[in-house]
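> Before we start, here is the structure in question, set down as structure tokens.
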Amino acid sequence: MDDKSLIETAIRQAKKTINIGLMVMVFCLFWFVQNQFYPDLFQGNDNISQLDSLQNDFVEPPMFELDSASIENGIHIPTGLIVDDGVQDVMTTCGACHSLDLVTQNRATEEGWKEIIVWMQETQGLWDLGDREEIIITYLGKNYAPENTGRRKNLENVEWYNL
Ligand code: HEC
Numbered sequence: 004m005d006d007k008s009l010i011e012t013a014i015r016q017a018k019k020t021i022n023i024g025l026m027v028m029v030f031c032l033f034w035f036v037q038n039q040f041y042p043d044l045f046q047g048n049d050n051i052s053q054l055d056s057l058q059n060d061f062v063e064p065p066m067f068e069l070d071s072a073s074i075e076n077g078i079h080i081p082t083g084l085i086v087d088d089g090v091q092d093v094m095t096t097c098g099a100c101h102s103l104d105l106v107t108q109n110r111a112t113e114e115g116w117k118e119i120i121v122w123m124q125e126t127q128g129l130w131d132l133g134d135r136e137e138i139i140i141t142y143l144g145k146n147y148a149p150e151n152t153g154r155r156k157n158l159e160n161v162e163w164y165n166l
């Protein structure tokens, strides 16, 4: 090896070192910028966090409140239910899965309501109503009884004219 080739080798070495140094610096700069300004760039779990927020948005079934502001002429306006003993139980129990329109648009005797409840228990996943069942069936049989059951009801509170 002569002097010339020694110098050339030295220069080549120096260039290599500088190149590697530059690469390291560029990499550091890139890492810094990414970390500083786009911290989520390499986080692939965007979908999962979206899913999380979807799950947090899950809508609870409506919890109905019986406050006098929402009662008009004995009807609970938000649900359409007749206000009577047991209405709160009907509201929370029967409103858990479906609209209470299904209740207010049906008419049945107590036995009929019992059958509807048993049908829902056998086929629709309705749970055992426990102590509430009697209260609910009484309420339904009284307020959502079949109409036109034979003779009309006796008139009540009628003021008769004196002829
Ligand atoms: C576990 C959920 C659940 C609960 C709680 C529930 N139901 Fe239902 N109910 C259903 C389902 C499901 C249907 C069928 C809806 C349809 O056909 O679209 C239904 C249908 C009905 C119907 C219509 C039946 C028919 O002949 O079409 C009535 C009336 C009814 N429910 C009344 C009630 C009453 C009263 C209560 C409270 C004691 C109640 N439901 C509570 C799930 C439930």
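First residue of the sequence shown: 4, per this note's numbering; consecutive thereafter. Yeah, the Cβ is synthetic: ideal placement off N, Cα and C, and Gly gets one too. Predicted model, so just to flag it, every value in this text is computed and none were measured.
Quick one: what does DSSP say I120 is sitting in, helix, strand or coil?
In this structure, I120 counts as helix in the three-state DSSP scheme.
> Between which two residues does the alpha helix (DSSP H) containing G24 stretch?
D6 to F40 is the span of the alpha helix (DSSP H), which, as asked, contains G24.
> Looking at G89 and I120, is the spacing between their C-beta atoms short of 7 angstroms?
Going by C-beta atoms, I120 is not nearer than 7 angstroms to G89.
> In terms of residue numbering, what span does the alpha helix (DSSP H) encompassing I138 cover?
Run containing I138: R135 to N146, per the alpha helix (DSSP H) assignment.
> Among all the DSSP beta bridges, which residues are the ones paired with H79?
According to DSSP, which records beta bridges pairwise, H79 is partnered with I74 and L84.
> G144 to N160, Cα distance in whole Å?
G144 and N160: Cα-Cα distance of roughly 23 angstroms.
> Tell me the residue span of the alpha helix (DSSP H) that contains D104.
Start and end: D104 to T107.
> Using the C-alpha atoms, what's the distance from S102 back to L44?
Between L44 and S102, the C-alpha separation is close to 45 angstroms.
> Give me the Cα-Cα distance between M28 and Q16, rounded to the nearest whole angstrom.
Cα to Cα, M28 sits roughly 18 angstroms from Q16.
> For Q91, name the three-state secondary structure that DSSP assigns.
Q91: helix per DSSP, three-state reduction.
> Distance, Cα to Cα, A13 vs L25?
Cα to Cα, A13 sits roughly 18 angstroms from L25.
> Determine the DSSP secondary structure at G98, reduced to helix, strand or coil.
If DSSP states are grouped into helix, strand and coil, G98 belongs with coil.
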